[in-house]
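Numbered per full-length UniProt numbering, the sequence shown spans residues 1 to 324.
Virtual Cβ for every residue (Gly too), placed ideally from N, Cα, C.
Just so it is clear, the structure is predicted and the values come from calculations on it, not from any experiment.
Encoded as structure tokens, the structure appears first; notes follow it.
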Amino acid sequence: MTAATQARERLLADNAKKKAQIADLQSFVSRFSANASKSRQATSRARQIDKIKLDEVKASSRQNPFIRFEQDKKLFRNALAVEELTKGFDNGPLFKNVNLLLEVGEKLAILGANGVGKTTMLKTLVGELEADHGTVKWSENAQIGYYAQDHAEDFDNDLTVFDWMSQWKQEGDDEQVVRGFLGRLLFSQDDIKKPAKVLSGGEKGRMLFGKLMMQKPNILVMDEPTNHLDMESIESLNMALEMYQGTLIFVSHDREFVSSLATRVIEITPERVVDFTGNYEDYLRSKGYRQLSRSLPGAGSPLRGDYSPHPSPFAFFNLSTTRQ
């Protein structure tokens with residue numbers, strides 16, 4: 001469930017409690033307002049009723065974009081094999097001797113505080129950065145769709161929205177197909193004539209989702225895909241990735257987003273990389289977290305609740321991968 005839906009449900013639940021409270025107070029007032037011994041209490045409760053204000057819950061006037069990711073060719077068995085992968089910069093390695101075998105259909109979340117190397121790992125996996133050591137082997141028929149955190153290079157030309165999206169149409173697609181994709185992503189006929197580079201961050205995000213929808217990759221690699229999106233777009237993206245039958249590797253600081261998608265978790269810390277086979281809730285329990293804010297630790301939001309410092313069940317090795 002996304003934050004927009006949860007916020008609306010919280011308001012509705014709060015209103016339900018307030019209505020129940022009003023009903024109880026009103027019942028007392030009706031029963032005892034004419035009773036001399038309890039008239040003062042009835043008057044007090046009537047004043048309490050006047051002070052209770054119901055929250056206004058409006059139906060959103062915003063539309064949800066239609067996002068669906070399909071595969072052109074399905075993969076079988078293993079999507080990715082990583083052996084002894086090491087990458088760093090002048091200050092030393094960010095991660096070292098990482099080993100990973102990712103099966104088709106897995107949804108892998110890469111977690112960690114800011115600056116530990118999550119984006120670097122994604123860029124190394126997709127070949128944008130060269131590894132210092134080790135190998136990255138994708139399935140022979142892998143078709144990788146990469147969603148970068150920084151969109152600047154994707155929109156560094158003077159193409160209109162329509163022409164930009166037309167770059168990614170497949171064999172047999174005509175202009176109407178492109179217009180259809182743009183329309184489902186909430187771009188009007190006037191919007192598609194704009195230069196793509198002047199779009200907002202959220203609009204550029206929707207454009208990139210459209211590109212991936214047209215390409216139909218069997219592997220999605222996404223770096224903070226919810227950044228800059230409104231709640232309606234996050235909701236649609238969340239649903240699309242839940243329905244996606246391909247393999248997903250993603251980075252996100254959004255706890256609810258991670259929780260709804262991840263079937264496996266890798267955590268990067270300054271000391272180690274931990275490969276945890278299990279969903280996000282299992283991962284949290286293994287670390288002793290009981291309650292977390294929407295953002296993950298290290299994303300600028302503190303923990304709400306308790307952190308139990310008992311040892312994790314993992315056996316760790318310095319800056320290398322351990323699997324549980």
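Our two residues, G201 and L122, have alpha carbons roughly 21 Å apart in a direct line. Counting along the chain, no beta strand (DSSP E) covers N114, and no H or E run does either. Between Q48 and the set R68, D24, P65 and D282, the nearest pair of CA atoms involves D24. For R68, no alpha helix (DSSP H) run applies, since DSSP gives it neither H nor E. If you look at T277, you'll find it in the beta strand (DSSP E) that goes V273 to T277.
As for any beta strand (DSSP E) of minimum length 3 sitting wholly inside the region 220–263, the runs are 247–251, ordered along the chain.
D14 and I234 have their C-alpha atoms some 24 Å from each other. Beyond the five residues adjoining it in sequence on each side, D163 comes within less than 7 Å, by CB distance, of no other residue in the same chain.
For A46, the enclosing alpha helix (DSSP H) covers residues S39 to K51.
By the Cβ-count criterion, M243 is exposed, with fewer than 16 other Cβ atoms from all chains shown falling within 10 Å of its own Cβ. In this structure, G205 is the residue among I144, S30, E84 and G205 with its C-alpha nearest to the C-alpha of L229. In the DSSP assignment, K216 falls outside any alpha helix (DSSP H), carrying neither H nor E. N97 and T269 have their C-alpha atoms some 14 Å from each other. Under the three-state reduction of DSSP, A79 is assigned to strand.
Taking all protein chains shown into account, A16 has fewer than 16 neighbouring C-beta atoms within 10 Å of its C-beta and is therefore exposed. A direct Cα-to-Cα measurement between E153 and V258 gives close to 26 Å. Y147 is a Cβ neighbour of L212, given a cutoff of 9 Å. The way I'd put it, the region 265–279 doesn't touch the region 135–143; fewer than three beta-carbon pairs between them come closer than 8 Å.
Between E281 and Q63, the C-beta spacing is not below 9 Å. Excluding residues up to 5 positions away in sequence, K118, E267, I268, T269 and G298 lie with their Cβ nearer than 8 Å to the Cβ of G112 in the same chain. Fewer than three Cβ pairs drawn from the region 40–55 and the region 78–92 lie within less than 8 Å of each other, which leaves the two stretches out of contact. The beta carbon of L75 sits closer than 8 Å to the beta carbons of V104, S139, N141, A142, N218, I219, G246 and T247 from its chain, once the five residues preceding and following it are set aside; these are given in chain order. Around the C-beta of T277, fewer than 16 other C-beta atoms lie within 10 Å, and the residue is accordingly described as exposed. Non-local C-beta neighbours of L261 in its own chain, meaning closer than 6 Å and more than five positions away in sequence, comprise K107 and L241, ordered along the chain.
In the three-state reduction of the DSSP assignment, F209 falls in the helix class, which pools H, G and I. Each residue's CA atom was taken as its position, placing G288 and R68 some 35 Å apart.
By the neighbour-count criterion, in which 16 or more other beta carbons inside 10 Å mark a residue as buried, L208 falls on the buried side. For V98, the enclosing beta strand (DSSP E) stretches over residues G92 to E103. E267 has L111 and V274 as its beta-bridge partners, per DSSP. Beta-bridge partners of T135 (DSSP): E83. Spatial neighbours of L182 in its own chain (CB-CB distance under 8 Å, excluding positions within 5 residues in sequence) are listed in chain order as V161, F162, M165, D191, I192 and G210. If you ignore the 5 residues before and after D158, its C-beta comes within less than 8 Å of the C-beta of P195 and K197, all in its own chain and listed in chain order. Under DSSP, F89 takes part in a beta bridge, and its partners are G92.
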